[in-house]
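Using the numbering used here, read the sequence shown as starting at 38 and increasing by one per residue. Structure record follows, encoded as structure tokens.
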Amino acid sequence: MPSAAFISDVHGNLEALTAVLADIDRHGYEEIFCLGDVVGYGPDPVASTNLVRERCKVTILGNHDEALVKGAWGFNQVARAAMDWTQRQLRPSIFRPGSRERWRFLAELPLKYEWHTFLLVHGSPREPTSEYILPRDAEWSPPGMFQELFDAFSSVCLVGHTHMAGLFEPGPRFVPQKELTETFRKPEGKVIINVGSVGQPRDQDWRACYLSVEDDLFRFHRVEYDVETTQKKIRAVPELDNRLADRLAEGI
């Protein structure tokens, strides 16, 4: 199978996305897949959507992409205000060239995609768009949760959504990215791998994150980017809470 890079949770962070795509190009990975949440939170939803649409072979529907079209139900106040602003930037208009195509692209994203033996989703294999699989779930999950999750795919499931890179093994057990070797092979049996976040990491590492697969080797990549420029852009938009800028430098 061809080598591939898997990105997720761009969240309108153009500086992070540009740096990640440059790193992918430097490594020469043949295909790029996005696991959703192209927009939301960040200051560059239009440019980020254009770039993902241009560079990614397949993009999966994320909960923020869905909220763009269907409404930000269940979002907290900060996320809802950011989505309201994002909708205004992306809403189709005859005065915005390409706006109809951008909107249609985000509105018609698939819920899941199968890449060879891999299942690609945003949230989880049983609820592709909205379910979180958190590290703490490996210790305190509802009865039967992981049995149902692992029953829903055949080999490897790649997810995003939590912005926390690492892998889940049956048991269940979570291994964060920082505890894995630079390159690693798939453990025996099924595995769920969170590819991390490009635009808003939440694992105490501010650098943009993505996963690559080449032959039978997996690798997490952490990429530095111009975080200060993104922060300045966020703070310049009254509808975007300054906390969305502050958290970027802390990886939370």
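In this text, a Cβ means the ideal position worked out from N, Cα and C, and glycines have one as well.
Beta-carbon proximity of Gly73 to His48, cut-off 8 Å: Within the sequence shown, numbered from 1, the residue matching residue 73 stands at position 36. Within the sequence shown, numbered from 1, the residue matching residue 48 stands at position 11. Against a cut-off of 8 Å, the Cβ pair of His48 and Gly73 comes out as no contact.
Leu143, enclosing alpha helix (DSSP H) - first and last residue: By 1-based counting over the sequence shown, the position of residue 143 is 106. Ser136 to Ala144 is the extent of the alpha helix (DSSP H) around Leu143.
DSSP bridge partner residues for His258 (one or two, in chain order): If you number the sequence shown from 1, residue 258 lands on position 221. Answer is Tyr247.
Counted within 10 angstroms of its Cβ, other Cβ atoms place Leu254 as buried (16 or more) or exposed: Counting from one through the sequence shown, the residue named residue 254 turns up at place 217. It is exposed - the Cβ of Leu254 has fewer than 16 other Cβ atoms within 10 Å.
Cβ-based neighbour list, Ser249, same chain, cut-off 6 Å, excluding 5 preceding and 5 following: Position 212 of the sequence shown, counting from 1, holds the residue named residue 249. Contacts found: Ala42, Tyr66 and Arg256.
For Asp46 and Pro238, the rounded distance between their alpha carbons: Here residue 238 is taken as the residue at index 201 of the sequence shown, counted from 1. Here residue 46 is taken as the residue at index 9 of the sequence shown, counted from 1. Using only the alpha carbons, I get a separation of about 9 Å.
Continuous beta strand (DSSP E) stretch holding Pro82: start and end: One-based indexing of the sequence shown puts residue 82 at position 45. Here Pro82 belongs to no beta strand (DSSP E); instead the alpha helix (DSSP H) covers Pro82 to Arg92.
His258 burial status per 10 Å Cβ neighbour count (16 or more: buried): To locate residue 258, count along the sequence shown from 1; it is residue 221. Buried, since its Cβ has 16 or more Cβ neighbours within 10 Å.
Ile61 in three-state terms, based on DSSP: Taking the first residue of the sequence shown as 1, we reach residue 61 at position 24. Correct three-state label for Ile61: helix.
Asp240 classed as buried or exposed, judged by whether at least 16 other C-beta atoms fall within 10 angstroms: Here residue 240 is taken as the residue at index 203 of the sequence shown, counted from 1. Buried: at least 16 other Cβ atoms inside 10 Å.
Beta-carbon spacing of Pro172, Phe211 below 8 Å: Taking the sequence shown and counting its residues from 1, the one referred to as residue 172 is at position 135. Taking the sequence shown and counting its residues from 1, the one referred to as residue 211 is at position 174. The answer is yes: Cβ separation under 8 Å.
Three-way DSSP call (helix, strand, coil) for Ile271 in this model: Here residue 271 refers to the residue found at position 234 of the sequence shown. In this structure, Ile271 counts as helix in the three-state DSSP scheme.
Leu204 and Val228 closer than 8 Å at C-beta: Translated into the one-based positions of the sequence shown, residue 204 becomes position 167. Translated into the one-based positions of the sequence shown, residue 228 becomes position 191. A contact, by the Cβ cut-off of 8 Å.
Alpha helix (DSSP H) runs contained entirely in the stretch 140-194, provided each spans 4 or more residues: 182-188
Selection from Glu251, Leu51 and Val115 that minimises the alpha carbon distance to Leu277: By 1-based counting over the sequence shown, the position of residue 277 is 240. The option with the nearest alpha carbon to Leu277 is Val115.
Inter-residue spacing [alpha-carbon to alpha-carbon] between Pro354 and Asp174: The question about residue 354 has no answer here: the residues shown for the chain are numbered 38 through 289.
Collapsed DSSP secondary structure at Glu67 in the structure displayed: Here residue 67 corresponds to residue number 30 of the sequence shown, with the count starting at 1. Of the three classes helix, strand and coil, the one that applies to Glu67 here is coil, per DSSP.
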